[in-house]
Amino acid sequence: MKIAIFLPNWIGDAVMATPALRGVRRQFAAAEIVGVLRPYVADVLAGLDLVDRLIVHDPRAGTSNVRGWRFVRTLRAERFDLAVLLPNSWRSALLAFASGAKRRVGFARDGRQWLLTDAVPPHSRRVPNPVIDEYLRLAAHLGCQGLSRRMELATATADHARLEAFWQRRLADRGRRGVVCFNPGGAFGSAKHWPVKSFGDLARRVADELDRTVLVLCGPAEREEARRIVARASHPRVVSLADEPPSLGLTKAAIREADLLVTTDSGPRHFAPPFDVPVVTLFGPTHIAWSETFYPRAEHVQLAVDCGPCQQRICPLKHHRCMRDLTVERVFAAVAMQLERFGREAAAA
Numbered sequence: 253m254k255i256a257i258f259l260p261n262w263i264g265d266a267v268m269a270t271p272a273l274r275g276v277r278r279q280f281a282a283a284e285i286v287g288v289l290r291p292y293v294a295d296v297l298a299g300l301d302l303v304d305r306l307i308v309h310d311p312r313a314g315t316s317n318v319r320g321w322r323f324v325r326t327l328r329a330e331r332f333d334l335a336v337l338l339p340n341s342w343r344s345a346l347l348a349f350a351s352g353a354k355r356r357v358g359f360a361r362d363g364r365q366w367l368l369t370d371a372v373p374p375h376s377r378r379v380p381n382p383v384i385d386e387y388l389r390l391a392a393h394l395g396c397q398g399l400s401r402r403m404e405l406a407t408a409t410a411d412h413a414r415l416e417a418f419w420q421r422r423l424a425d426r427g428r429r430g431v432v433c434f435n436p437g438g439a440f441g442s443a444k445h446w447p448v449k450s451f452g453d454l455a456r457r458v459a460d461e462l463d464r465t466v467l468v469l470c471g472p473a474e475r476e477e478a479r480r481i482v483a484r485a486s487h488p489r490v491v492s493l494a495d496e497p498p499s500l501g502l503t504k505a506a507i508r509e510a511d512l513l514v515t516t517d518s519g520p521r522h523f524a525p526p527f528d529v530p531v532v533t534l535f536g537p538t539h540i541a542w543s544e545t546f547y548p549r550a551e552h553v554q555l556a557v558d559c560g561p562c563q564q565r566i567c568p569l570k571h572h573r574c575m576r577d578l579t580v581e582r583v584f585a586a587v588a589m590q591l592e593r594f595g596r597e598a599a600a601a
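253 is the number of the first residue of the sequence shown in the numbering used here; add one for each residue after it.
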């Protein structure tokens, strides 16, 4: 049996899909499972045994073998017995249909049910439903048993070595004690961002008052933001990865070794639970319930505003109060509480 699993297009959603992938892997132990995904999602699954192979789909690529009809021919040549659609997009349903997969399982959304053999009734979009549970519903439809919300990630030895080399270059003469990672970015849009000034002031307080080292993470688009946070903090134990080659693997390794992650509601937020790292997540325009993972070491911080959560990528009212008015004092209190409750050094004391 050969199974195609169409994976989500967002990094965080791909992490939240791993419990469902584990269920499919157990239920169809003898099957060949092929992940169909965007290229930037591939590193999320690196090192895991949840799929046997990957087929990259990139509609914006310059080469035609990963898009268009040539990509459809690639799918058809696989002769899939089953296609599981984790995205709700019409495109994924059309690709699954065009692949010739005998059975096509996904949610009946946006008029795409005629492309599916198993059109699973969706929950209403008027009420937020955790994405992780929606993926598990599809796994349950396939007969998967013993499902849980436990997410999975793996890290590579080479990435931990790169991280250690970074520390040796940056803090070899001062040492480091208890690293707190900051993840200030967010591909969703600017509405999720907490101000650079706030992140910088928080970093300085974490370094001064909690005696921790702060490592600011960043993707290619957030490098300048990371540099500005470090400049604002103006503390020798606040550093960033802005001058390192961008790598999802390095980000995973940094979070795995951290005492705590402080993050916006963006993809790397979900790197903490698989590694049992405590996390403080700053929510602005997004509803917490959509991405709730029920992780017991998570602390959610959200400012109650009369206009939110609006789920918009850019503040439609131009004031961005949901993040701008979220105080450093409130976030610092959450950080201190999490470190006291779950910090590795606190646990060892």
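From the three backbone atoms N, C-alpha and C, an ideal C-beta is built for every residue, glycine too.
Inter-residue Cα distance where the pair is residue i and residue j
i	j	result
VAL286	VAL293	14 Å
ARG364	ARG576	40 Å
ALA266	LYS444	19 Å
ALA598	GLU592	Residue confidence is low: ALA598 scores 46 on pLDDT, short of 50, so the model does not pin down where it sits. No coordinate-derived value is stated.
LEU306	LEU347	15 Å
GLY437	GLU404	22 Å
GLY275	ALA335	15 Å
LEU467	SER492	5 Å
HIS539	ALA329	41 Å
ARG421	ASP411	15 Å
LEU555	ALA371	38 Å
LEU297	PHE527	14 Å
GLN397	SER543	23 Å
GLY264	LEU423	30 Å
PHE323	LEU394	26 Å
GLY537	HIS552	Strictly speaking, residue 537 in this sequence is Pro, with Gly absent from that position. Those two C-alpha atoms are separated by around 13 Å.
THR515	VAL288	28 Å
PRO380	PRO561	11 Å
ALA360	PRO373	6 Å
ALA600	PRO548	Caution is warranted here: a pLDDT of 45 is assigned to ALA600, below 50, making its placement in the model unreliable, and the coordinate value is therefore given only provisionally. Cα to Cα, the separation comes out at about 19 Å.
ARG475	LEU390	37 Å
THR369	ALA345	11 Å
TRP262	HIS522	11 Å
VAL448	ARG484	8 Å
ALA506	ARG582	25 Å
TRP321	ALA350	9 Å
ASP517	PHE546	15 Å
GLY352	PRO311	20 Å
LYS254	HIS375	29 Å
For residue i, the nearest candidate out of the options (CA to CA)
i	options	result
ALA269	GLU284, ALA282, PRO291 and LEU302	LEU302
PRO291	GLY352, GLU330, LEU259 and GLY471	LEU259
PHE332	ARG356, PHE323 and SER341	ARG356
ALA494	CYS470, ASP517 and GLU509	CYS470
HIS487	ARG456, ASP511, SER376 and GLY430	ARG456
THR579	ALA550, ALA524 and GLY452	GLY452
VAL432	GLY395, ALA524 and VAL553	ALA524
THR407	ARG508, ASP362 and ARG401	ARG508
ARG277	ASP310, LEU399, ALA360 and HIS309	LEU399
PRO520	MET253, VAL532 and ASN435	ASN435
ALA282	ASP304, PRO271 and GLY299	ASP304
PRO472	PRO498, VAL458, SER344 and ARG484	PRO498
ALA510	GLY358, PRO530 and SER376	PRO530
ALA541	ARG377, GLY358, LEU512 and PRO311	ARG377
ASP631	ALA550, ARG573, GLN564 and ILE566	Nothing in the structure corresponds to residue 631, since the chain is present only between 253 and 601.
DSSP three-state assignment for residue i, whether helix, strand or coil
i	result
ASP370	strand
ILE307	strand
GLU477	helix
SER376	coil
LYS492	The question names Lys, yet the displayed sequence has Ser at residue 492. Here SER492 sits in strand by DSSP.
LEU346	helix
LEU300	coil
TRP419	helix
SER499	coil
SER400	coil
ALA506	helix
TRP321	helix
ILE602	The shown model of the chain, from 253 to 601, leaves out residue 602, and the question about it has no answer.
SER450	helix
ALA599	In this prediction, ALA599 has a pLDDT of 42, which is less than 50 and means its spatial position is unreliable; nothing more can be read from the coordinates.
SER486	coil
ALA294	helix
ASP411	helix
HIS445	coil
Bridge partner(s) assigned by DSSP for residue i
i	result
HIS552	THR533
CYS433	LEU467 and LEU513
VAL336	ILE257 and VAL357
GLU284	LYS254
LEU289	VAL308
(Q) Using a Cβ distance threshold of 8 Å, determine whether the region 575 to 589 contacts the region 453 to 463, with at least three qualifying pairs required. (A) yes
Q) Are the region 470 to 479 and the region 372 to 387 touching by the rule of at least three beta carbon pairs closer than 8 Å? A) no
Q: Decide if the region 403 to 418 is in contact with the region 500 to 509; the criterion is three or more beta carbon pairs, one per stretch, under 8 Å apart.
A: yes
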